Structures are given as structure tokens and as C-alpha cells.
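Novice: Quick one: structure below, then a few questions.
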Amino acid sequence: MPATVIVGAQWGDEGKGKIVDLLAQSSDLVCRYQGGPNAGHTIIAGGETFKIRQIPSGVISGKECVLGAGCVVDPEVFLDEVDELEARGIATGVVRLSGNAHLVMPWHVAIDQASERRLGKLQIGTTRRGIGPAYADKASRIGIRVQDLLDPKILRQKIEVALAEKNVWLERVYEVEPFDLDKVAGQYETFAKRLRPYVADTSLLVDRALREGRSVLFEGAQGTLLDLDHGTYPFVTSSNPVASGAATGIGIGPNRLDTILGVAKGYVTRVGEGPLPSEIPSPDQERVRQLGGEFGTVTGRERRCGWLDLVALRYAVRLNGMTSLALTKLDVLSAFSEIPVCVRYRLPDGTETADFPAHQSDFHHARPVYETLPGWQEPLGDELPAAARRYVELVERELEIEVSLVGTGAERERVVSPRGLEPVAGR
Ligand code: IMP
């Protein structure tokens, strides 16, 4: 039985939550392998809207959910989500948290906010949830992990050591308030009591599930172009959303991953700073933003909108070893009589390329070369109109990949799956 990775193929917000939710129906386990409360998933099911940031979206379908070692966890956000889900009748006893995942501590959030303010015009445009500083401490081997919560003495000691340095940094460099040891330790001891039942050996748990032939879904947060190693650095997140991150982030071998489903919108969006070659000029950009509801789930920020960028998407197909592609929110484009698609970039030296530039200055100065397709200008139902089919076929032809799912509306059931769901999940 397969292990399926669902990976964002653009700059995040591709509508992965909906696809995960859909495929979760036929899965046994849903796992997150990287990222933290910077992710925002919106799921509309049974007429209700759920916005979750930290817990895998499979929880809505009552599936066993895993937060792997590659994640960073903000206990306060996690527990707030637990409370909200429970209050709405969703059981969270199915959630399992790796003891090796790192904690987002209050100073991480304070440093993220202060450092963005200090960068001014050079800021990354982070979600300001402490993600970068938490992963930085992990790499520096001074992070605090979920398992540290299990021993109050170790926890207090680690907080004390961290604060001795972070408070100097906060006061002298960023000129903001320091944290009080007793207050933070007390707060985290309270969190610890509530988090304890969720902690598990998630690598072993997922391995066992795969051996027993259960089907496991790995949901990537953010997207390929926000990958720390392969994205548009420095305008990236601090983890590895690419599909191979599922193996490291969970702690299973890369050969255990069977199916890699990329998720891309029928256009592109980006929040935060950084180049976006196919960014749409006004007023069409505002039109796409309104029609697509392109405002951040976590931060409420306006998302920048662009026409579909096949150069960037080709790169995502390659980096992830994608086996098929889901094209979401195609209905948003129904309003347009003509739809440009970026098929190549024109580089500063006048040459054109269909491959994503390896050098940052080429990418920063890349100009889009468009092929313009006629729009369909009618609502999308179960049968795609001919012009919408041609749009999808262009993507398949250019990227040499099958488009296995097309999103035609926000609700769970608004998906066209010409070949049925079985092949998508690799069964
Ligand atoms: P961070 O992950 O908060 O450090 O932010 C780094 C970059 O990733 C910024 O450009 C954010 O806007 C972007 N980012 C982080 N999480 C998401 C997400 O879930 N969707 C879209 N962009 C995100």
C-alpha cells in the first residue's frame, strides 16, 4: 500500500489542504513533516470552514495524525487548536507528536518580529511566528525539543540557558523587553502537562503503519519555491517542503515514498517579498485576488497574484520527482476572456529559457514570455468546457506530467478527477 506525498508546487497556498482532506478519506494516517504554525490550511467540509495551522488537516476526517521530527511546534498554538477542534466536536486524541520536533519558544516569535522590523525594506516578509529563529536554534544545537517537556527539571534548565543569551540579544540588539525565567518556565510546565499524552515515537509509528500495509499521506506545508535549499533564497521558509523532506522529516527511508502528488493553483500567488515574474498588472491582479479570496490564512495579508508560471512549475516537477499534478482553483480563471500562461523566461542577456534559472540575478531579472489561451467564461462543473480542457492539456504537454485532479470550487466535492481517485493515490 502506498505512501503518498502531497507537496506544494509553487509558493505555498496552493490549496493542498483541500486535496489532503480529499485523499485523507481513503488514508489511514496523515503526517506533517516540516514547518510549524506558519502553515495555514483552510478546509471546507460539511458546510463548515476549518482553518488550521499546526495540526495535520487529516484530523478533520478523524484520521490518525502525525507531526514529525522535522516540524517545529508552538505549544500555545497547538493547544489552542486542540481546544477549538474539540469544541467543534473534532476529537484530537488521534494526534501524535514527535519528541524530536523542536519547540517554538516565545523568544523565537519576538526575534522573528524584531528582526523583520529591523530589516525594514530588506525584510523577508515572514509570518512572524518564530519559524526561522526556531530552526536556526535547532541547527545551532541549542533548541528545545518536545521531549524536553517531559522532564520539568531539564525543561527549566534549558529555558534558563537559552534566556541567558536570548535576553541579551533582545534587549541590546533589538531593544525589546526580555523574558522572565519563572514566567516562561511556569507557562511551559503547564503546556507540558497537556502535551504529554500526544508525544510518541512517530518514526516507528509510521514505519509500522507502512509495514502493516496501511496507507499514509504526507502533507507538505508551504511550497517548493519556499524550500530552504532549493527555493528563492532568502525569500524562503526555514525547512524543506520538497517531497524528499517527508523522508527526513518523519524518519523513514526515501524508498518508502511511492507517489508524489504536486499541487499547483491554475495561477500563482506569493505572500511576502521576493521576485514573482508573472505577477499580474492592475486591475486584473485585484480581480484574481478577490475571486480567489487570496488573503493569508495565518496573517491575513494580501497575496500577490500572477498568471500560471510553467517555468517555475517545471522546476517543481523536477525537484519533487512529481508523479502527477493537481491543478486547483481553476474556477477563479472562469471570469477571464483570455488567460496568459508563462511558458518561458526572457533573461537579461536576451536569451529565453524554459528551465528555472540557477542564478538568483537571472531569476530576479527574468521577464515572462506568455502564451495566451482563450478563456472559457462559464462556471466549471463535472465536465470541463473545451477551453478549460485545452488549458489543462497545455500544462500536461509542457511539463510532461499528468494532471490528475482539477479543482473547480472551494468545497471538498468540487474536484474533477478524470481518471478517478485510485490512480492518484497510487493504488
Ligand atoms: P516564515 O516561514 O514565517 O519564516 O516565512 C518565510 C516566507 O515563507 C515568507 O515569504 C512567508 O510569507 C512564506 N510562508 C511561510 N508559510 C507560508 C504558507 O503557509 N503559505 C505561503 N507562504 C508562506
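Residue numbers (our numbering): 937 to 1363.
Glycine included, C-beta positions come from ideal geometry on N, C-alpha and C.
Please read these numbers as outputs of a predicted model, since none were measured by experiment.
The ligand IMP and S1273: does any heavy atom of the ligand fall closer than 7 Å to the residue's C-beta?
Specialist: Not so, every heavy atom of the ligand IMP lies at least 7 Å from the Cβ.
Novice: Below 7 Å CB to CB, which residues in the same chain sit around S997 once its five sequence neighbours on both sides are set aside?
Specialist: The answer, listed in chain order, is D957, A960, Q961.
Novice: Take the Cβ of I1078 as the centre, count every other Cβ of all protein chains shown within 10 Å, and call the residue buried at 16 or more, exposed below.
Specialist: Flag for I1078 reads exposed.
Novice: Leaving out the 5 sequence neighbours to the left and right, which residues in its chain are closer than 6 Å to M937 when beta-carbon positions are compared?
Specialist: Annotation note: pLDDT 49 at M937 (below 50); position unreliable, coordinate value reported separately. So the qualifying residues of the chain are G1149, S1151.
Novice: Between F1231 and the ligand IMP, is there a pair consisting of the residue's CB and a ligand heavy atom that are separated by less than 7 Å?
Specialist: Checking the Cβ of F1231 against the ligand IMP gives no.
Novice: State the beta-bridge partners of S1034 as determined by DSSP.
Specialist: Its beta-bridge partners are A1136.
Novice: Using only the alpha-carbon positions, how far apart do S1034 and P1011 sit?
Specialist: Roughly 13 Å separates the two Cα atoms.
Novice: Collect the residues with a C-beta less than 5 Å away from any heavy atom of the ligand IMP and give them in sequence order along the chain.
Specialist: Having a Cβ closer than 5 Å to some heavy atom of the ligand IMP are G948, D949, N974, A975, G1061, T1062, T1063, I1067, G1068, Q1158, L1162, T1173, V1207, G1208.
Novice: For K954 and E1338, what's the separation of their Cα atoms in angstroms?
Specialist: Between K954 and E1338, the C-alpha separation is close to 19 Å.
Novice: Threshold first: 4 residues or longer. Then list the alpha helix (DSSP H) segments lying entirely within the stretch 1111-1162, N to C.
Specialist: You should have 1117-1131, 1138-1147.
Novice: Let me know the secondary structure DSSP gives S962 once reduced to three states.
Specialist: Note: S962 maps to coil in three-state DSSP.
Novice: At what residues does the beta strand (DSSP E) containing P1042 begin and finish?
Specialist: Segment 1042-1055 is the alpha helix (DSSP H) holding P1042; no beta strand (DSSP E) there.
Novice: Closest by CA to S936, which one among A1271, N1256, T1264, H1301?
Specialist: Nothing in the structure corresponds to residue 936, since the chain is present only between 937 and 1363.
Novice: With DSSP as the reference, identify every bridge partner of K1102, one or two as the case may be.
Specialist: DSSP output for K1102 lists no bridge partner at all.
Novice: Can you tell me where the alpha helix (DSSP H) with F1014 in it begins and where it stops?
Specialist: Its alpha helix (DSSP H) spans residues 1011-1023.
Novice: Let's see if you can read the secondary structure: which residues bound the beta strand (DSSP E) around K999?
Specialist: No beta strand (DSSP E) holds K999; DSSP gives it neither H nor E.
Novice: Is the Cβ-Cβ distance between V910 and R1333 less than 8 Å?
Specialist: One cannot answer for residue 910 here, as it falls past the ends of the chain, which runs 937 to 1363.
Novice: At the level of alpha carbons, what is the spacing between Y982 and W1105?
Specialist: For the record, residue 982 in the displayed sequence is Gly; it is not Tyr. Their Cα atoms are separated by approximately 48 Å.
Novice: L965 and K999 - do their beta-carbons sit closer together than 8 Å?
Specialist: Result yes, Cβ atoms of K999 and L965 sit closer than 8 Å.
Novice: If you reduce the DSSP assignment to three classes, tell me which class E1314 lands in.
Specialist: In the structure shown, E1314 sits in coil (DSSP, three-state: anything other than H, G, I, E or B).
Novice: For G1029, is the classification buried or exposed, using 16 other Cβ atoms within 10 angstroms of its Cβ as the cut-off for buried?
Specialist: G1029 comes out exposed.
Novice: In angstroms with no decimal places, state the Cα-to-Cα distance between V1253 and F1014.
Specialist: The alpha-carbon atoms of V1253 and F1014 are separated by roughly 32 Å.
Novice: Let me make sure I understand the geometry here. Which of S1340, V1120, L1249, V1352 has the alpha-carbon closest to that of V1367?
Specialist: Nothing can be reported for residue 1367: it is not among the residues displayed for the chain, which extend from 937 to 1363.
Novice: If you follow the beta strand (DSSP E) that Y1281 is in, where does it begin and where does it stop?
Specialist: Where Y1281 is concerned, the enclosing beta strand (DSSP E) stretches over 1274-1282.
Novice: Can the beta-carbon of G1208 be found closer than 8 Å to that of T978?
Specialist: Not in contact: G1208 and T978 (Cβ atoms no closer than 8 Å).
Novice: In its own chain, which residues sit with a C-beta less than 7 Å from the C-beta of L1117, not counting the 5 before and 5 after it?
Specialist: The residues are I1095, E1096, L1099.
Novice: Quick check on the burial criterion: 16 or more other C-beta atoms within 10 angstroms. Buried or exposed for T1126?
Specialist: Its Cβ having fewer than 16 others within 10 Å, T1126 is exposed.
Novice: Using the Cα positions of E1230 and R1240, report the straight-line distance between them to the nearest angstrom.
Specialist: C-alpha separation (whole angstroms): 8 Å.
Novice: Can you tell me where the beta strand (DSSP E) with I1196 in it begins and where it stops?
Specialist: Unbroken beta strand (DSSP E) run through I1196: 1195-1201.
Novice: When you compare the stretch 1262-1277 with the stretch 1311-1326, are there three or more beta-carbon pairs, one atom per stretch, that lie closer than 8 Å?
Specialist: Touching, yes.
Novice: Closest by CA to G1066, which one among K1089, L1091, H1038, D1087?
Specialist: When only C-alpha atoms are compared, the closest one is H1038.
Novice: Hey, A1200 and L1249: beta-carbon distance below 8 Å or not?
Specialist: Going by C-beta atoms, A1200 is nearer than 8 Å to L1249.
Novice: Just reading off the beta strand (DSSP E) that G944 is part of, what are its end residues?
Specialist: First-last of the beta strand (DSSP E) with G944: 939-944.
Novice: Note down the Cα distance separating D1298 from D1165, rounded to an integer number of angstroms.
Specialist: When rounded, the distance between both Cα atoms is 18 Å.
Novice: Answer yes or no: do G1181 and S1174 have a C-beta to C-beta separation smaller than 8 Å?
Specialist: Not in contact: G1181 and S1174 (Cβ atoms no closer than 8 Å).
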